[in-house]
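Data block below; observations after.
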Amino acid sequence: MINLTAASREQRIRLGLKKRHRAERQFKFYGALAIVFGLACVFLLFGDIVSKGHKAFQLTYINLEVTYDQDILGVNDPTDARQVSLGNFHGAIKAGLKNRFPEATGRKNKRELYSLVSNGAGYNLRDRLIENPVLLGKTIKIWVIADDDVDTYYKSIGESDGPFTGRTSEQKEGWLKELIKAGDIEKRFNFNFFTEGDSREPELAGIRGAAMGSFYTLIITILLAFPLGVAAAVYLEEFAPRNRWTGFIEVNINNLAAVPSIIFGLLGLAVFINFFHVPRSVPLVGGLVLTLMTLPTIIISSRAAIKSVPPSIREAAIGVGASPMQVVLHHVLPLAMPGMLTGAIIGMARALGETAPLLMIGMVAFIVDIPSGFHDPSTALPVQIFLWADSPERAFVEKTSAAIMVLLAFLIVMNTFAVVLRKRLERRW
Amino acid sequence: MGLTSLVLILLVLAFVVYSTARSRAISLAKPLGGISHLHSLPFFYGMRSAIWCAVPALGLLIIWSLFDDHIISTLVLNSLPESMRPASATEHSLLINSIENIASGALSSVASDPHLVSAAKVLDDLNAMAANLVTIVVLSTAIFCSALAWIKLSPQLRARQAVEKAFKIALLAAACVAIFATLGIVLSVLFESIRFFQMVPASEFLLGTEWSPQMAIRADQIGSSGSFGAIPLFVGTLLISFIAMVIAVPAGLMSAIYLAEYAEPAVRNFAKPVLEILAGIPTVVYGFFAALTVTPFLRQAGANIGLDVSSESALSAGLVMGVMIIPFVSSLADDVITAVPQSLRDGSLGLGATKSETIKKVIFPAALPGIVGGVMLAVSRAVGDTMIVVMAAGLAAKMTINPLETVTTVTVQIVTLLVGDQEFDSPKTLAAFALGLMLFVVTLALNFFALRVVNKYREQYD
Numbered sequence: 000m001i002n003l004t005a006a007s008r009e010q011r012i013r014l015g016l017k018k019r020h021r022a023e024r025q026f027k028f029y030g031a032l033a034i035v036f037g038l039a040c041v042f043l044l045f046g047d048i049v050s051k052g053h054k055a056f057q058l059t060y061i062n063l064e065v066t067y068d069q070d071i072l073g074v075n076d077p078t079d080a081r082q083v084s085l086g087n088f089h090g091a092i093k094a095g096l097k098n099r100f101p102e103a104t105g106r107k108n109k110r111e112l113y114s115l116v117s118n119g120a121g122y123n124l125r126d127r128l129i130e131n132p133v134l135l136g137k138t139i140k141i142w143v144i145a146d147d148d149v150d151t152y153y154k155s156i157g158e159s160d161g162p163f164t165g166r167t168s169e170q171k172e173g174w175l176k177e178l179i180k181a182g183d184i185e186k187r188f189n190f191n192f193f194t195e196g197d198s199r200e201p202e203l204a205g206i207r208g209a210a211m212g213s214f215y216t217l218i219i220t221i222l223l224a225f226p227l228g229v230a231a232a233v234y235l236e237e238f239a240p241r242n243r244w245t246g247f248i249e250v251n252i253n254n255l256a257a258v259p260s261i262i263f264g265l266l267g268l269a270v271f272i273n274f275f276h277v278p279r280s281v282p283l284v285g286g287l288v289l290t291l292m293t294l295p296t297i298i299i300s301s302r303a304a305i306k307s308v309p310p311s312i313r314e315a316a317i318g319v320g321a322s323p324m325q326v327v328l329h330h331v332l333p334l335a336m337p338g339m340l341t342g343a344i345i346g347m348a349r350a351l352g353e354t355a356p357l358l359m360i361g362m363v364a365f366i367v368d369i370p371s372g373f374h375d376p377s378t379a380l381p382v383q384i385f386l387w388a389d390s391p392e393r394a395f396v397e398k399t400s401a402a403i404m405v406l407l408a409f410l411i412v413m414n415t416f417a418v419v420l421r422k423r424l425e426r427r428w
Numbered sequence: 000m001g002l003t004s005l006v007l008i009l010l011v012l013a014f015v016v017y018s019t020a021r022s023r024a025i026s027l028a029k030p031l032g033g034i035s036h037l038h039s040l041p042f043f044y045g046m047r048s049a050i051w052c053a054v055p056a057l058g059l060l061i062i063w064s065l066f067d068d069h070i071i072s073t074l075v076l077n078s079l080p081e082s083m084r085p086a087s088a089t090e091h092s093l094l095i096n097s098i099e100n101i102a103s104g105a106l107s108s109v110a111s112d113p114h115l116v117s118a119a120k121v122l123d124d125l126n127a128m129a130a131n132l133v134t135i136v137v138l139s140t141a142i143f144c145s146a147l148a149w150i151k152l153s154p155q156l157r158a159r160q161a162v163e164k165a166f167k168i169a170l171l172a173a174a175c176v177a178i179f180a181t182l183g184i185v186l187s188v189l190f191e192s193i194r195f196f197q198m199v200p201a202s203e204f205l206l207g208t209e210w211s212p213q214m215a216i217r218a219d220q221i222g223s224s225g226s227f228g229a230i231p232l233f234v235g236t237l238l239i240s241f242i243a244m245v246i247a248v249p250a251g252l253m254s255a256i257y258l259a260e261y262a263e264p265a266v267r268n269f270a271k272p273v274l275e276i277l278a279g280i281p282t283v284v285y286g287f288f289a290a291l292t293v294t295p296f297l298r299q300a301g302a303n304i305g306l307d308v309s310s311e312s313a314l315s316a317g318l319v320m321g322v323m324i325i326p327f328v329s330s331l332a333d334d335v336i337t338a339v340p341q342s343l344r345d346g347s348l349g350l351g352a353t354k355s356e357t358i359k360k361v362i363f364p365a366a367l368p369g370i371v372g373g374v375m376l377a378v379s380r381a382v383g384d385t386m387i388v389v390m391a392a393g394l395a396a397k398m399t400i401n402p403l404e405t406v407t408t409v410t411v412q413i414v415t416l417l418v419g420d421q422e423f424d425s426p427k428t429l430a431a432f433a434l435g436l437m438l439f440v441v442t443l444a445l446n447f448f449a450l451r452v453v454n455k456y457r458e459q460y461d
């Protein structure tokens, strides 16, 4: 009787075991699925951006015979800067196009023909003349920047569903095919993308202006946030008495770390711009706002770094007669510096990617000039991405993706640097 | 003299004062038999004098530069005849601007009103006088205070204590910046919100169901009623946050469990940092991804099965936001799961439970408070996120819980109301601050409760 129950119980357990093991496998599978999903998202995101953006690092150029015709340019003395700056260089390029394709007649056809090259192609011509004034009156063969529609068309030729002809007429396609046959059209590395400011023409637009804006903003941020953050951390860790006031400070720091970034934009707008009348759209305000935003991050990481310095170091310093200030400045800070720097770099990386508060304080504007100081109107890299993403031209999609690639490259470099710094300088006590 | 050069001169002066005071301390110590007979090290004597030299002068300079614009513009306007004095704040700044332009030569002085030209001259004179005055006052303050410090310098002077006190005050001031920032946020948002609630009753804002902040410029304008019922915005925000949490909580939780309990070290070492990358990507990149990749894909997929997906659907913003929050949930969950003591696991496994039974019946309940806290923090992230919704969600304030339709959120409306020119006397601009206040209060409350829940749990096992 007892044996029988034991046997049946064992049988019941065995039967249940199968089910339980199945549930176990299932649960493990779900876990693996979640990991795979997360990893897939990372690779999809990067793959999508790179596949859209890699083409923007090349630009299509058209080889054209252009004459520096005095009558068309309206220039008779190439050393006269005023004359040269007013010269009709685009007209010379148009004349060159007309020579190349004499079959284009009539207003509409001509307009079509002229739209093969970029509106900004004349600047290259002008710069050459300034560099080499003897060119006046001569005919040269030069590579001029193609229009963004031509660029899109030429880059998409090898694609599976054929070249993108959305904004290219049949006639234009014919000319382009002729150019391709003659080898007069080619892709080159897009230096403009790294040396130019923003432009309404996708083929002329570059990220230099936005990158410099970000650079100046971050300089302000690090100059203010790092000393302030370190000082606050030193006070809280080394000097602060445990009382209500310091408790209040700590609560404030923790809350500040959790406030959505857009609220900092509201603060910047109401306090810096509306109350202190700091000019709008300049890196100075952007830097101030981002300082307040990154300050909690830097304070928290600096406190952790100070905490990791063992008390024996402080006691030894006090024992040989160092004052509290000397203990901090001569011993604790140098030992905690790697950790603080790591935290600062990670905070800077976050500030570099931040967009929302900058929208509030007017750093979202079409700015062609490359900013050269803290008081020049400018945008920042992520804001430029936001602006380009909103532009209707198809060619801006690849520009946007390329700008994202540049931004991500900066972030990866900064974070890697932080990790390396921590690994190299970290000390185990 | 320019502000920058004045500050530079001050710093050079402070350095000179430092080195002379330091060498004086050394020379004072010499007849006594070396610096060991000084109360403090010579460095402290130098520092003390340098602080005396620089700090009061810099303080004066800061106070002056805060008020100089105001004082000078008042004086300039007072020089104008009675009839030309500005009536409103806008007129005031307009007038000041044109006077400044005349003074700088940007506006031709021939074509302008002679009164303005004379006012521009007054402005020029005042500016020149103020610059001279401030230079003299600041420099003489610096020299006077250094002289005071110099007179008091003696071997018995407790210089170290003085310097350390100043050092501590500077540190305390740095720590207080956090308080000022919070105070600045609260005050700026609160003041503008109060002005908003004077124009629009709070009950309408909190309970109204129609949001169209466009204000009529003319009385007979159609379709610009200016109604400020924020309920549709709250609904939209909650809808998108809900979609995001539906993605992020299961994926984040399961990946944390897998990484903590099942994964081999090699898998863990690879997967964990790669997942963390998701947290480091700027939100503007997610926004671009949502708007240009996910939305067209969803539209195509919807069209294939006969569903009409809006081109700015809540679904695509929510999905991408969910992906963004995954590492946030998973790292918080990882922390609490690894904090569950090993003895609980061993006990459960020893009784014959499978690993998944241990996780579901022992670890998960033990970690639950921490996980709830983490999810609340994640919700506050989702509610406060801006760029994804600005780029991928719409502007139309619809009251709907259909994820395929367009909704708008609180953050989107703040951005739309404030990008571009603002007038701080129109409810349209002020509404953004009222929305900001709501956002601030909600995220703060979520964080407060989340931290309480997490901390309460932590005490159980430590």
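Chain order of the listed sequences is B and A. So the first sequence is numbered by numbering that gives the first Met the number 0: it starts at 0 and just counts up by one. So the second sequence is numbered by numbering that gives the first Met the number 0: it starts at 0 and just counts up by one. Every residue, glycine too, gets a C-beta built ideally from N, C-alpha and C.
Check, Outcome
"Per-residue DSSP class, three states only, for Lys93/B", "helix"
"Beta carbon proximity, Ala250/A to chain B, threshold 8 Å", "yes"
"Integer Cβ distance of Leu416/A from Ala431/A, believed to fall under 8 Å", "4 Å"
"Residue from Thr410/A, Arg23/A, Ile178/A whose Cα sits closest to the Cα of Ala148/A", "Arg23/A"
"Sequence ranges, beta strand (DSSP E) only - wholly within the stretch 173 to 232 of chain B, length at least 3", "184 to 188"
"Local conformation of Gly1/A per DSSP, three classes", "coil"
"Contact set for Ser329/A: own chain, Cβ-Cβ below 6 Å, skip 5 residues either direction", "Gly251, Ser254, Ala255"
"Separation of Lys427/A from Ile230/A, as counted between CA atoms", "16 Å"
"Burial state of Gln155/A, where buried means 16 or more other Cβ atoms lie within 10 Å", "exposed"
"Contacts of Ile178/A in chain B (Cβ-Cβ under 8 Å)", "Phe247, Ile248, Asn251"
"Residues near Ile413/A by beta carbon distance below 7 Å, same chain, minus five either side", "Ala431, Leu434, Gly435"
"Rounded C-alpha distance that separates Phe409/B from Ser240/A", "30 Å"
"C-beta contact flag for Pro212/A and Gly228/A at 8 Å", "no"
"For Val15/A and Leu9/A, the rounded distance between their alpha carbons", "10 Å"
"Closer than 8 Å to chain A by CB, Thr399/B", "yes"
"Close-in-space but distant-in-sequence residues of the same chain around Ala120/B (CB under 6 Å, 5 per side omitted)", "Ile92, Val143, Ile144"
"DSSP three-state assignment for Tyr67/B, whether helix, strand or coil", "coil"
"Residue of Gly342/B, Val396/B, Asn414/B minimising C-alpha distance to Lys51/B", "Val396/B"
"Residue-level contact to chain A via CB, Tyr67/B, 8 Å cutoff", "no"
"Cβ-based contacts, 8 Å cut-off: residues of the stretch 26 to 49 of chain B near chain A", "Phe26, Lys27, Tyr29, Gly30, Ala31, Leu32, Ala33, Ile34, Phe36, Gly37, Leu38, Cys40, Val41, Leu44, Asp47, Ile48"
"Inside the stretch 120 to 178 of chain B only - beta strand (DSSP E) runs reaching at least 3 residues", "138 to 144"
"Any C-beta of chain B under 8 Å from that of Phe233/A", "no"
"Burial state of Met46/A (16 or more Cβ within 10 Å)", "buried"
"Chain A within 8 Å of Glu236/B, Cβ atoms only", "no"
"Contact with chain B by Met128/A, beta-carbon distance below 8 Å", "no"
"Outcome for Leu350/A when other beta-carbon atoms lying within 10 angstroms are tallied against a minimum of 16", "exposed"
"Nearest-angstrom Cα separation, counted from Met386/A out to Asp68/A", "37 Å"
"Distance CB(Ser280/B)-CB(Gly205/B) smaller than 8 Å", "no"
"Contact the stretch 364 to 374 of chain B vs the stretch 195 to 203 of chain B: 3+ CB pairs below 8 Å", "yes"
"At least 3 beta-carbon pairs within less than 8 Å: the stretch 310 to 325 of chain B vs the stretch 161 to 172 of chain A", "yes"
"Chain B contacts from the stretch 11 to 29 of chain A (Cβ-Cβ distance under 9 Å)", "none"
"Nearest-angstrom Cα separation, counted from Asp147/B out to Ser117/B", "7 Å"
"Cβ of Ala209/B within 8 Å of any chain A Cβ", "no"
"Touch test, the stretch 294 to 310 of chain B against the stretch 339 to 352 of chain B, Cβ-Cβ under 8 Å, three pairs minimum", "yes"
"Local conformation of Ile61/B per DSSP, three classes", "strand"
"Neighbour list for Leu156/A in chain B, Cβ cutoff strictly below 8 Å", "Correct list: empty, because the minimum Cβ distance to chain B is about 15 Å."
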